[in-house]
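Below is one structure; the comments refer to it alone.
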Amino acid sequence: MYQDPSAHLINSATGAMSDAGGRYIKRLRDLDGLYLDTATFQSTLATSADTIVYTVHEKRPAQSVGDLIFGTTMMEPGRIGDEFYMTRGHIHACANRPEVYYGLSGEGLMLLETPVGDVRILEVKPRVAAYVPPFWIHRSVNTGTTPLVMSFFYPSDAGQDYTIIEKSGGMAVRIIASGNGWEAVKNPSYKQRSEADIAAVHASSK
Ligand SMILES: [Fe+2]
């Protein structure tokens, strides 16, 4: 009845994790619709569809309520036009489940948004723990020139809902290059979520 404890060695440069049960990769061709500059995205896709944008190693000990899923995410540096490489982003399908990310190498951001459109941005670098509270939509962005590697930990019954970002035309702000750094700009494609969509997020809580 008791699960085996386990220890996992993480390579902070690549995100590789020993005894990870699973791994998945997102390539440029999997990320259609994410970037504002669709013309640049399509022309980049023509030559670089297989380019890896991010890789996730994860361990899912059990699906039972009360357990944790944990692992690493490694995001390559890069941009589509002015916009930095980012993850698809999601809210937890059971929206009141939180998550913690911990920076291992590189530099980037955790872009956070409530269902009603409040935005917060947390800078992540090695040894920074970023807390994603319940109900916050979250996406990571690599604003540096080297891979952004973070570990993450979240409840095993959280799940992911990616449609919340697609339905609103992206997140409320986009992260673009500015000088030697980054800048958050209003996303012109963004549409406020309806009362019904916001109520559905809250109804997903367990
Ligand atoms: Fe998450």
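Going by the working numbering, the sequence shown runs without a break in its numbering and finishes at 208. The beta carbon of each residue, even a glycine, is placed where N, CA and C say it ideally should be. These numbers were taken from a predicted model, which means no experiment stands behind them.
| Item | Value |
| --- | --- |
| First and last residue of the uninterrupted beta strand (DSSP E) at GLU125 | 121-126 |
| Rounded Cβ spacing between THR89 and VAL151 (contact assumed at less than 8 angstroms) | The Cβ separation is near 13 angstroms, so there is no contact. |
| Helix, strand or coil at PHE43 [DSSP, three-state] | helix |
| Identified DSSP bridge partners for ILE12 | MET19 |
| CB of ARG141 within 8 angstroms of CB of SER170, strictly | no |
| Buried/exposed call for ALA201, threshold 16 Cβ in 10 Å | exposed |
| Start and end residues, beta strand (DSSP E) containing ILE166 | It is not in any beta strand (DSSP E) - ILE166 instead sits in the alpha helix (DSSP H) that spans 165-169. |
| Helix, strand or coil at HIS94 according to DSSP, with G and I counted as helix | coil |
| Chain-order list of residues whose beta-carbon lies under 6 angstroms from that of ALA51 (same chain, five-residue window excluded) | LEU30 and ARG31 |
| Exposure label - ILE166; buried when at least 16 CB within 10 Å | buried |
| TYR156: CB within 7 angstroms of a non-hydrogen atom of ligand 1 | yes |
| Nonlocal neighbours in the same chain, by C-beta distance under 8 angstroms from MET3, ignoring five residues either side | none |
| Assigned secondary structure, VAL203 (DSSP; H/G/I helix, E/B strand, else coil) | helix |
| Three CB pairs or more closer than 8 angstroms across the stretch 114-132 and the stretch 88-103 | yes |
| For SER180, the first and last residue of its enclosing beta strand (DSSP E) | 175-180 |
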